[in-house]
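Trainee: Residues in the sequence shown are numbered consecutively from 110, following our numbering. The beta-carbon is built from N, C-alpha and C at its ideal position, and this holds for glycine as well. I'd like to ask some things about the structure below.
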Amino acid sequence: MSVDVQERRKFTAALLGDEAAPPPSDPSPQVVRGVALHVTAHMLTVATPKGEERFLFERTTAFWRGRDVGPQEIRVGDDVLVRCGGGGRWVVDRLWAQLGRITGTIVSADGDTVVVDPGHGRPPATAVIPYRSSGRMSVRHPVLEPGYLFDAVGVREGGTVQTTVPATTQPPHPVSRAPRRPPVRRVPRALSGIVSWYDPAYGRAAHTDPRAHAPGAAYPALDPGSDCGPDCDRSDPCLPLPLLSLGATVGVRNDDTGVAGVFPVLNCASAASRFCDRCRDGTGDTSGRLAELTLPAFVALGGRPEAGCFAATMEAG
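Laid out in structure tokens, this is it:
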């Protein structure tokens with residue numbers, strides 16, 4: 110049995126309570142992020158923190174740049190995320206270019222432009238809804254007014270995200286009118302819900318920002334007294350989550366793929382507690398957001414960024 114399989118089974122057993130969780134690890138040796146330097150129909154050269162790396166395409170390689178495209182749509186200078194498949198370390202299974210996501214509470218909207226507050230101290234982010242995506246977006250996000258939640262995936266262009274895919278169905282009420290939930294007296298060791306993703310290097314040069322390459326998580330329930338301040342006040346969280354501190358670890362298993370990993374908590378994700386949604390493309394029926402993984406961590410567990418999330422089991426701390 111390989112070391113990877115052994116570690117995966119150890120972690121699965123830990124989630125079920127059979128043994129202690131393994132130490133923090135990096136589960137993403139087959140996920141690479143960088144800047145496209147050269148693209149042909151058969152090969153890609155990427156600038157990464159380790160230098161230039163070359164990858165091969167197969168007939169089954171899939172490409173995404175706001176939608177499924179061919180390799181000719183990948184441009185020099187694109188921020189690319191590469192997942193290598195069973196064909197080898199250098200054979201691309203799937204590639205995403207210029208991934209962007211806007212998640213949070215709407216601050217203002219003017220025509221096709223929506224300004225969103227992502228919470229936990231991050232600056233406002235701007236989403237642009239192109240006409241070709243407006244129908245799909247309006248079905249999932251019918252109310253583009255201040256106070257309502259917004260979550261969409263698209264292509265980064267300049268300082269905005271051209272949204273193409275709604276990542277969730279918008280709740281029918283503003284955040285201030287969310288239903289109150291009864292207090293939970295006991296938090297279970299293994300929690301079920303969904304896991305989404307975020308980009309800690311959003312708006313920065315991903316190839317030079319180490320946060321863009323680090324496997325980790327943003328957690329919705331950081332200790333407000335030491336880590337996140339009043340911005341982490343979650344008066345009515347969707348899920349019962351134990352308080353953690355920055356540097357603690359969370360174990361996450363993708364319930365759709367069975368792949369698991371252990372990640373350090375890098376950021377606060379208090380805004381995630383406002384979403385009580387399910388994964389629209391997932392097989393599970395669990396709801397509520399457990400954590401937001403960085404892009405390399407999310408993809409390493411088999412997640413598809415354009416889907417926005419996957420059903421997961423998590424053990425905190």
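1. Does Arg231 come out as helix, strand or coil in the three-state DSSP assignment?
2. Output needed for Ser163: all residues of its chain with C-beta closer than 8 Å, excluding positions within five of it in sequence on either side, in chain order.
3. Pull the bridge partners of Trp199 from the DSSP assignment, please.
4. Relative to the C-alpha of Gly175, which candidate in Arg241, Val284, Val252 has its C-alpha closest?
5. Helix or strand or just coil, what does DSSP make of Ser354?
6. Grab me the residues of Thr422's own chain with a C-beta within less than 8 Å of its C-beta, minus the 5 sequence neighbours each way, in chain order.
7. Within its chain, find whatever has a CB closer than 6 Å to the CB of Thr222; leave out the 5 residues flanking it on each side and keep chain order.
8. With DSSP collapsed to three states, give me the class of Pro414.
9. For Leu165 and Arg320, I'd like the C-alpha separation in whole angstroms.
10. Nearest-angstrom Cα distance between Cys347 and Pro288?
11. Quick check on DSSP: helix, strand or coil for Leu404?
12. Strictly by DSSP, which residues pair up with Leu300?
13. So, at 6 Å on beta carbons, what are the nonlocal neighbours of Gly228 in its own chain, with the 5 sequence-adjacent residues on each side left out?
14. Sort Leu258, Leu353, Asp308 by Cα distance to Ser285 and report the nearest one.
15. Where does the unbroken alpha helix (DSSP H) through Tyr240 begin, and where does it stop?
16. Tell me whether the beta-carbon of Leu350 lies closer than 7 Å to the beta-carbon of Ala330.
17. Look up Ala381 in the DSSP assignment and say whether it is helix, strand or coil.
18. Mapping DSSP to helix, strand and coil, what is Gln271?
19. Does the distance from the CB of Ala416 to the CB of Asp390 come in under 7 Å?
20. Where does Pro319 fall in DSSP's three states?
21. Looking only at its own chain, which residues have a Cβ that is under 7 Å from the Cβ of Leu253, when we skip the five neighbours before and after it?
22. Residues in the same chain with beta-carbon distance under 6 Å from Thr395, minus the five sequence neighbours each way, listed in chain order, please.
23. Here's a check: name, in chain order, each residue in its chain whose Cβ is nearer than 6 Å to the Cβ of Asp260, leaving out the five neighbours to either side.
24. I need the boundaries of the beta strand (DSSP E) containing Tyr328, first residue and last residue.
25. Where does Ser217 fall in DSSP's three states?
Mentor: Taking the coordinates as given:
1. If you number the sequence shown from 1, residue 231 lands on position 122. Three-state DSSP puts Arg231 in coil, outside helix and strand.
2. Locating residue 163 in the sequence shown gives position 54, counting from the first residue. In the sequence as displayed, the identity of residue 163 is Arg instead of Ser. Hits under 8 Å: Met152, Leu153, Thr154, Val155, Trp199.
3. Position 90 of the sequence shown, counting from 1, holds the residue named residue 199. Note: Trp199 sits in no beta bridge, so no partner.
4. One-based indexing of the sequence shown puts residue 175 at position 66. Nearest of Arg241, Val284, Val252 to Gly175, Cα basis: Arg241.
5. Within the sequence shown, residue 354 is the residue found at index 245, counting from 1. Looking at Ser354 - three-state DSSP - the assignment turns out to be coil, as it is neither helix nor strand.
6. Here residue 422 is taken as the residue at index 313 of the sequence shown, counted from 1. Closer than 8 Å at the Cβ level, and outside the excluded window around Thr422, lie Leu124, Ala299, Leu300, Ser301, Val361, Arg362, Asp364.
7. Counting from 1 along the sequence shown, the entry for residue 222 is found at position 113. Val237, listed in sequence order.
8. By one-based count along the sequence shown, residue 414 stands at place 305. It is helical.
9. Residue numbering aside, residue 165 sits at position 56 when the sequence shown is read from its first letter. Residue numbering aside, residue 320 sits at position 211 when the sequence shown is read from its first letter. Taking the straight line from one Cα to the other gives about 26 Å.
10. Mapped onto the sequence shown, residue 347 falls at position 238. Mapped onto the sequence shown, residue 288 falls at position 179. Taking the straight line from one Cα to the other gives about 10 Å.
11. Taking the first residue of the sequence shown as 1, we reach residue 404 at position 295. Helix at Leu404.
12. Walking along the sequence shown from the start, residue 300 turns up at place 191. Bridge partners of Leu300: Met423.
13. One-based indexing of the sequence shown puts residue 228 at position 119. Correct list, in chain order: Gly213, Ser379, Ala380.
14. On the sequence shown, position 176 is the one that residue 285 refers to. The option with the nearest alpha carbon to Ser285 is Leu258.
15. Here residue 240 refers to the residue found at position 131 of the sequence shown. First-last of the alpha helix (DSSP H) with Tyr240: 240-249.
16. Counting from one through the sequence shown, the residue named residue 350 turns up at place 241. Counting from one through the sequence shown, the residue named residue 330 turns up at place 221. Going by C-beta atoms, Leu350 is nearer than 7 Å to Ala330.
17. Along the sequence shown, read from residue 1 onward, the residue named residue 381 stands at position 272. Ala381: helix per DSSP, three-state reduction.
18. By one-based count along the sequence shown, residue 271 stands at place 162. Correct three-state label for Gln271: strand.
19. Taking the first residue of the sequence shown as position 1, residue 416 is located at position 307. Taking the first residue of the sequence shown as position 1, residue 390 is located at position 281. Result yes, Cβ atoms of Ala416 and Asp390 sit closer than 7 Å.
20. Position 210 of the sequence shown, counted from the start, is the residue given in the question as residue 319. Helix, per DSSP.
21. On the sequence shown, residue 253 is found 144 positions in, with the first residue counted as 1. The answer, listed in chain order, is Ile215, Ala218, Val223.
22. On the sequence shown, residue 395 is found 286 positions in, with the first residue counted as 1. Excluding residues within five positions, the ones whose Cβ falls inside 6 Å are Ser301, Gly302, Ala420.
23. Residue numbering aside, residue 260 sits at position 151 when the sequence shown is read from its first letter. If we look at Asp260 and ignore the five residues flanking it on each side, its Cβ neighbours are Thr212, Ala276, Thr277.
24. If you number the sequence shown from 1, residue 328 lands on position 219. Per DSSP, Tyr328 belongs to the beta strand (DSSP E) from 326-328.
25. By one-based count along the sequence shown, residue 217 stands at place 108. Of the three classes helix, strand and coil, the one that applies to Ser217 here is strand, per DSSP.
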